[in-house]
Amino acid sequence: MPVSVAIEPTTSCNLRCPECPSGLRAFSRPTGMIDQSSFRKIIDELYRDIVYLTFYFQGEPYLNPHFLQMVRYANGKNIYTSTSTNAHYLDEEKARETVESGLDRLIISIDGTTQEAYQSYRVGGRLAQVISGTKNIIRWKKILRSRTPLVVFQFLVVRPNEHQVPELLRLAAKLGVDDVQFKTAQVYDHANGHALIPRNEDYSRYRKNADGTYSIKNKMEDHCWRMWQSCVITWDGKVVPCCFDKDAAHRLGDLRERTFRSIWKSRPYGDFRASVLRARSAITICRNCSEGSMVWA
Numbered sequence: 146m147p148v149s150v151a152i153e154p155t156t157s158c159n160l161r162c163p164e165c166p167s168g169l170r171a172f173s174r175p176t177g178m179i180d181q182s183s184f185r186k187i188i189d190e191l192y193r194d195i196v197y198l199t200f201y202f203q204g205e206p207y208l209n210p211h212f213l214q215m216v217r218y219a220n221g222k223n224i225y226t227s228t229s230t231n232a233h234y235l236d237e238e239k240a241r242e243t244v245e246s247g248l249d250r251l252i253i254s255i256d257g258t259t260q261e262a263y264q265s266y267r268v269g270g271r272l273a274q275v276i277s278g279t280k281n282i283i284r285w286k287k288i289l290r291s292r293t294p295l296v297v298f299q300f301l302v303v304r305p306n307e308h309q310v311p312e313l314l315r316l317a318a319k320l321g322v323d324d325v326q327f328k329t330a331q332v333y334d335h336a337n338g339h340a341l342i343p344r345n346e347d348y349s350r351y352r353k354n355a356d357g358t359y360s361i362k363n364k365m366e367d368h369c370w371r372m373w374q375s376c377v378i379t380w381d382g383k384v385v386p387c388c389f390d391k392d393a394a395h396r397l398g399d400l401r402e403r404t405f406r407s408i409w410k411s412r413p414y415g416d417f418r419a420s421v422l423r424a425r426s427a428i429t430i431c432r433n434c435s436e437g438s439m440v441w442a
């Protein structure tokens, strides 16, 4: 059984980020929100096995009105909980509820230190709102004398914001966030270059070749630890192998029809694992994989 799973609260999102299927409204799979009864059924089956639960796949988790109740439920089962948010819904009330829910880790996407740079990727977003939400969380942690959630700034480094890396570190220190991560950006159509690919290759998932084309740095070796240690569950109960299967093309089972254990140990899942070991580069979702492409600050 896996030690970690990701469960998708919703595919809905308030922003329109250019390299995100949710932001582009480009899913071929159904959009929606997981309901509490389905979530609890999943957790009741898995809580003895998993130690880490990510409340995120696609979409903005806080758009699910029952998101924090689900966090409370998982927390009550002694599961470490984490989520990623664009922080546009962390008003005073939601910030307090977040701290009280027992959420262990809160990743806040903040992809710029000026509105101009921020909105170049977070289309439709407001940097001031992100900063305000961060302040609300940190203030309520102090008021409630809570050590959690660990507040992490995640900075997706793209060409319009790469010069702001030092400024982001200063902003994080000023606000009192607990950690900062710089993340490389996935670009779907990268072969001939792209306006989002940073000039500094240290912050890029891709390298520029002698002929001017770009290729992913990943060596694409025929293995992947995720196949045996984690997976993703979509809002409507589909089990998919990892977070790169954004459109749930590789549906290895449906929790509305079977138990998780039977899916995890099924022939289709075994066949998919075997295909990764045999020829990972032949699998579409693996070709743009960034495993190892996180830079820690």
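Numbers 146 to 442, taken from this note's numbering, label the letters of the sequence shown in order.
For every residue, glycine included, the Cβ atom is placed at its ideal position computed from N, Cα and C.
In the displayed model, residue 324 falls within a strand according to three-state DSSP. Counting the other Cβ atoms within 10 Å of the Cβ of residue 358 gives fewer than 16, which makes it exposed.
Residue burial is scored here from C-beta neighbours: residue 373 has fewer than 16 other C-beta atoms within 10 angstroms and is therefore classed as exposed.
For residue 151, the enclosing beta strand (DSSP E) begins and ends at 149–152. The three-state secondary structure of residue 186, taken from DSSP, is helix. For residue 331, the number of other beta carbons within 10 angstroms of its own is at least 16, and it is reported as buried. The C-beta distance from residue 361 to residue 384 rounds to 26 Å, too long to meet the 8 Å contact threshold. Just so you know, the alpha carbons of residue 346 and residue 201 end up roughly 28 Å apart. One alpha carbon belongs to residue 341, the other to residue 170, and they sit about 20 Å apart. Judged by pairs of C-beta atoms under 8 Å, the segment 223–236 does not touch the segment 398–408, as fewer than three such pairs exist. Following the DSSP letters along the chain, one finds residue 299 inside the beta strand (DSSP E) bounded by residues 295–302.
Contact between residue 327 and residue 302 holds, since their C-beta atoms are separated by about 5 Å, short of 8 Å.
Straight-line spacing of the CA atoms in residue 314 and residue 412 works out to 47 Å.
Of the other Cβ atoms in all chains shown, 16 or more fall within 10 Å of the Cβ of residue 380; this residue is therefore buried. A distance below 8 Å between beta-carbons, with the five flanking residues on each side excluded, links residue 208 to the following residues of its chain, in chain order: 154, 155, 157, 158, 159, 178, 234. Nearest C-alpha to residue 404 among 183, 294, 348, 165: 183.
By alpha-carbon distance to residue 215, the top candidate from 241, 428, 186 is 186.
Within a 10 Å sphere around the beta-carbon of residue 205 sit 16 or more other beta-carbons, which makes this residue buried. Contact between residue 149 and residue 188 does not hold, since their C-beta atoms are separated by about 13 Å, which reaches or exceeds 8 Å. With a cutoff of 8 Å on beta-carbon distance, residue 256 and residue 295 are scored as not near each other.
For residue 421, the enclosing alpha helix (DSSP H) stretches over residues 412–424.
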